[in-house]
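Visitor:
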Amino acid sequence: MCKFYDHERYVTIYHYDEKDKYFTHHEENCYQPAGIGLPANSTDIPVPDGELPSGFIYVFENEQWTAKKDVFKKNRASNMSEENYIYQENLPPYFTIDTFDFHKMPQYEKIENFTNPQLQSLILTYRYLHIQNEFIEVIDFHEKYVKNIQNIGMIFPQDRNPAIMYRLKTESLILSIRSLFDELVQLTYITCYKSIFIKDSQIKVDCIGDLFSPKKVTNYPLCKKIILGDDINYQQDSSGFLKMINNLFNSIKHSFIHYEVYNSFPPETPNVISLYKKQNDFSSGKVIFFNHSLFQIMFGFKSNFNRIINNQKEFLLNRK
Numbered sequence: 035m036c037k038f039y040d041h042e043r044y045v046t047i048y049h050y051d052e053k054d055k056y057f058t059h060h061e062e063n064c065y066q067p068a069g070i071g072l073p074a075n076s077t078d079i080p081v082p083d084g085e086l087p088s089g090f091i092y093v094f095e096n097e098q099w100t101a102k103k104d105v106f107k108k109n110r111a112s113n114m115s116e117e118n119y120i121y122q123e124n125l126p127p128y129f130t131i132d133t134f135d136f137h138k139m140p141q142y143e144k145i146e147n148f149t150n151p152q153l154q155s156l157i158l159t160y161r162y163l164h165i166q167n168e169f170i171e172v173i174d175f176h177e178k179y180v181k182n183i184q185n186i187g188m189i190f191p192q193d194r195n196p197a198i199m200y201r202l203k204t205e206s207l208i209l210s211i212r213s214l215f216d217e218l219v220q221l222t223y224i225t226c227y228k229s230i231f232i233k234d235s236q237i238k239v240d241c242i243g244d245l246f247s248p249k250k251v252t253n254y255p256l257c258k259k260i261i262l263g264d265d266i267n268y269q270q271d272s273s274g275f276l277k278m279i280n281n282l283f284n285s286i287k288h289s290f291i292h293y294e295v296y297n298s299f300p301p302e303t304p305n306v307i308s309l310y311k312k313q314n315d316f317s318s319g320k321v322i323f324f325n326h327s328l329f330q331i332m333f334g335f336k337s338n339f340n341r342i343i344n345n346q347k348e349f350l351l352n353r354k
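Under the numbering used here, residues 35 to 354 are what the sequence shown spells out, in order.
(1) Skipping 5 residues on each side, what residues in its chain have a beta carbon closer than 7 Å to that of THR77?
(2) Leaving aside the five residues before and after ASN314 along the sequence, list all residues of the same chain whose C-beta is less than 6 Å from its C-beta, in chain order.
(3) On the DSSP bridge assignment, give the partners of ASN325 in chain order.
(4) Please determine if the stretch 220-234 and the stretch 251-266 are in contact, where contact requires at least 3 C-beta pairs separated by less than 8 Å.
(5) Would PRO80 and GLU42 qualify as a contact pair, given that the criterion is a beta-carbon distance under 8 Å?
(6) Shortest alpha-carbon distance to ASN338 belongs to which of ASP216, LYS144 and SER308?
(7) Report yes or no: do the stretch 96-105 and the stretch 127-134 share at least 3 C-beta pairs separated by less than 8 Å?
(8) Note down, one range per segment and in chain order, each alpha helix (DSSP H) of at least 4 residues found wholly within the stretch 223-293.
(9) Give me, in chain order, the residues of the same chain whose beta-carbon lies closer than 6 Å to that of LYS320; leave out the 5 immediate sequence neighbours on both sides.
(10) Please state whether the Cβ-Cβ distance between SER298 and ILE286 is less than 8 Å.
(11) Unbroken alpha helix (DSSP H) runs of length 4 or more, entirely within the stretch 150-225: which are they?
(12) Among ARG201, ILE279 and LEU276, which has the Cα closest to the Cα of HIS292?
(13) Alpha carbon to alpha carbon, what distance is there between GLU143 and SER228?
(14) How many Å lie between LYS181 and SER210 at the Cα?
(15) Report the three-state DSSP secondary structure of MET139 (helix, strand or coil).
(16) Taking the DSSP output, what are the residues bridged to ARG43?
(17) Could you give the distance in angstroms between the alpha-carbon of ILE189 and the alpha-carbon of ILE70?
(18) With DSSP as the reference, label PHE57 as helix, strand or coil.
(19) Run through DSSP, which three-state label would GLN122 get?
(20) Is DSSP giving ARG144 helix, strand or coil here?
(21) Going by C-alpha to C-alpha distance, which of GLU146, ILE237 and ASN340 sits closest to ASN253?
(22) Between THR204 and LEU328, how many whole angstroms is the CB-CB distance? I'm expecting something under 8 Å.
(23) If you compare alpha carbons, which of ASP83, GLU117, ASN63 and PHE90 is closest to ASN281?
(24) Can the beta-carbon of ARG194 be found less than 8 Å from the beta-carbon of PHE283?
(25) Since SER115 is in the beta strand (DSSP E), which residue starts that stretch and which ends it?
(26) By the DSSP assignment, the beta strand (DSSP E) with VAL93 in it spans what residues?
(27) Here's the rule: buried if 16 or more other CB atoms are within 10 angstroms of the residue's CB, otherwise exposed. What is PHE90?
(28) Can you list, in chain order, the residues of its chain with a C-beta nearer than 7 Å to that of ILE120? Leave out the 5 residues immediately preceding and following it.
(29) Exposed or buried, ARG341, counting other C-beta atoms within 10 Å across all chains shown (16 or more means buried)?
(30) Would you identify the three-state DSSP class for TYR128, choosing helix, strand or coil?
(31) Using three-state DSSP, classify SER76 as helix, strand or coil.
(32) Beta-carbon separation of ILE198 and TYR310 under 8 Å?
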């Protein structure tokens with residue numbers, strides 16, 4: 035039975051399977067306006083503390099959680115793990131937009147008859163600035179139209195649902211970030227392995243994902259050292275930002291169940307979320323729930339852009 039409250043509140047929501055009622059996952063600190071109920075197939079009654087006996091699971095029935103033998107065939111997120119990105123340096127009190135002087139960019143190698151490194155560097159600094167402005171636009175949209183949505187099920191014109199538009203805007207921001215770092219990977223390869231490129235005319239390491247390929251990082255180790263860092267000669271990505279962006283991008287781009295996040299309860303704090311089935315393998319109930327603060331992501335973005343540029347310049351300095 036759905037309860038309605040005459041006051042607004044922040045609540046932890048416990049979700050259960052629509053058919054068999056077994057516990058699936060929970061969401062903390064959700065905003066519930068006055069006069070609005072909880073989402074379908076959920077409750078604010080906490081799951082009991084303590085470890086269940088092996089082979090048992092909590093089921094919601096008669097307005098309470100009951101431990102039952104887990105014999106359910108789970109087609110959905112029966113085993114959901116949540117991942118959150120945490121920027122590991124001290125967070126400034128507020129976000130400021132930074133510019134980057136084009137003249138301080140590294141002197142990249144060029145591909146004869148195809149590329150102009152000076153123009154590429156200029157565009158990269160514009161993109162760095164644009165992504166920050168894009169973030170501010172997303173934050174403003176969230177503050178004006180999303181933060182106080184009373185119910186995700188409210189009826190809006192098809193092209194004006196602010197919750198859906200917000201999710202699309204956050205996806206666009208993530209894709210912009212990923213694209214910028216992919217280009218930095220490509221420039222690193224050309225600059226470090228120009229002699230190999232002259233022979234085969236191919237950029238063998240051309241995206242963040244390649245940095246996590248054992249074969250590619252073995253054959254072209256400088257790309258990983260410069261982009262991810264080694265904490266010896268090159269400053270390291272200590273917070274795992276690039277791996278997080280790579281996984282989040284893959285989920286948004288490839289996951290067959292990513293669309294489900296558009297039906298999620300509107301966030302009080304700006305975030306980006308995705309549901310990920312790796313390689314869209316549905317043979318198990320395992321699902322990864324990416325739930326990242328946009329502020330944390332943007333501080334990580336600025337830090338890693340500057341870190342990589344410094345690492346590239348360090349490589350060029352030592353090569354001379």
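We put the CB at the ideal spot given by N, CA and C, even for glycine.
Since this is a predicted model, take the numbers as computed values, not measurements.
Guide: Judging by the given coordinates:
(1) Numbered from 1 along the sequence shown, position 43 holds the residue referred to as residue 77. Close CB contacts of THR77 within its chain, under the 7 Å cut and outside five residues either way in sequence, are with TYR48 and PHE94 (chain order).
(2) To locate residue 314, count along the sequence shown from 1; it is residue 280. Within the same chain, ASN314 has close Cβ partners PHE290.
(3) Locating residue 325 in the sequence shown gives position 291, counting from the first residue. The bridge partners DSSP lists for ASN325 are ILE307.
(4) Three or more Cβ pairs closer than 8 Å define a contact, and the stretch 220-234 meets that threshold against the stretch 251-266.
(5) In the sequence shown, counting from the first residue as 1, residue 80 sits at position 46. In the sequence shown, counting from the first residue as 1, residue 42 sits at position 8. Against a cut-off of 8 Å, the Cβ pair of GLU42 and PRO80 comes out as no contact.
(6) Position 304 of the sequence shown holds residue 338. In terms of CA proximity to ASN338, ASP216 leads the group ASP216, LYS144 and SER308.
(7) Contact fails: fewer than three Cβ-Cβ distances are below 8 Å.
(8) The qualifying runs are 228-234, 248-253, 255-261 and 275-288.
(9) Mapped onto the sequence shown, residue 320 falls at position 286. So the qualifying residues of the chain are ASN113.
(10) Counted from its first residue, the sequence shown places residue 298 at position 264. Counted from its first residue, the sequence shown places residue 286 at position 252. With contacts defined by Cβ atoms closer than 8 Å, SER298 and ILE286 do not form a contacting pair.
(11) Runs of the alpha helix (DSSP H) spanning 4 or more residues and lying entirely within the stretch 150-225 occur at 151-175, in chain order.
(12) Here residue 292 corresponds to residue number 258 of the sequence shown, with the count starting at 1. Nearest option by C-alpha distance: ARG201.
(13) Stepping through the sequence shown from its first residue, residue 228 is reached at position 194. Stepping through the sequence shown from its first residue, residue 143 is reached at position 109. Looking at the sequence provided, one finds Lys at residue 228 rather than Ser. Each residue's alpha carbon lies about 7 Å from the other.
(14) In the sequence shown, the residue the question calls residue 181 occupies position 147. In the sequence shown, the residue the question calls residue 210 occupies position 176. Distance from the CA atom of LYS181 to the CA atom of SER210, rounded to whole angstroms, is 24 Å.
(15) Residue numbering aside, residue 139 sits at position 105 when the sequence shown is read from its first letter. Residue state, collapsed to three classes: coil.
(16) On the sequence shown, position 9 is the one that residue 43 refers to. By DSSP's assignment, ARG43 forms a beta bridge with GLN66.
(17) The residue given as residue 189 occupies position 155 in the sequence shown. The residue given as residue 70 occupies position 36 in the sequence shown. Because ILE189 carries a pLDDT of 48, less than 50, the predicted location of this residue cannot be relied on, and the following value inherits that uncertainty. So the two alpha carbons sit approximately 14 Å from each other.
(18) Counted from its first residue, the sequence shown places residue 57 at position 23. Three-state result, PHE57: strand.
(19) Within the sequence shown, numbered from 1, the residue matching residue 122 stands at position 88. For GLN122, the three-state secondary structure derived from DSSP is coil.
(20) Taking the sequence shown and counting its residues from 1, one reaches residue 144 at position 110. With the sequence shown as reference, residue 144 is identified as Lys, and Arg is not the correct amino acid for it. When secondary structure is reduced to three states using DSSP, LYS144 falls in the coil class, being assigned neither helix nor strand.
(21) The residue you call residue 253 lines up with position 219 of the sequence shown. Relative to ASN253, the option among GLU146, ILE237 and ASN340 whose CA is nearest is ILE237.
(22) Here residue 204 corresponds to residue number 170 of the sequence shown, with the count starting at 1. Here residue 328 corresponds to residue number 294 of the sequence shown, with the count starting at 1. Sure, about 7 Å apart at Cβ, within 8 Å.
(23) For the purposes of this step, residue 281 is identified with residue 247 of the sequence shown, where counting begins at 1. Out of ASP83, GLU117, ASN63 and PHE90, GLU117 has the C-alpha closest to the C-alpha of ASN281.
(24) In the sequence shown, counting from the first residue as 1, residue 194 sits at position 160. In the sequence shown, counting from the first residue as 1, residue 283 sits at position 249. No.
(25) Start at 1 with the first residue of the sequence shown, and residue 115 comes out as number 81. Residues 113-117.
(26) Here the question's residue 93 lines up with position 59 in the sequence shown. That run of the beta strand (DSSP E) goes 90-95.
(27) The residue labelled residue 90 in the question sits at position 56 within the sequence shown. With a threshold of 16 other beta carbon atoms within 10 Å, PHE90 falls short and is exposed.
(28) By 1-based counting over the sequence shown, the position of residue 120 is 86. Answer for ILE120: SER273 and GLN330, listed in chain order.
(29) Within the sequence shown, residue 341 is the residue found at index 307, counting from 1. Label assigned to ARG341: buried.
(30) By one-based count along the sequence shown, residue 128 stands at place 94. In the structure shown, TYR128 sits in coil (DSSP, three-state: anything other than H, G, I, E or B).
(31) For the purposes of this step, residue 76 is taken as residue 42 along the sequence shown, with counting starting at 1. DSSP places SER76 in strand when its eight states are reduced to three.
(32) Translated into the one-based positions of the sequence shown, residue 198 becomes position 164. Translated into the one-based positions of the sequence shown, residue 310 becomes position 276. No.
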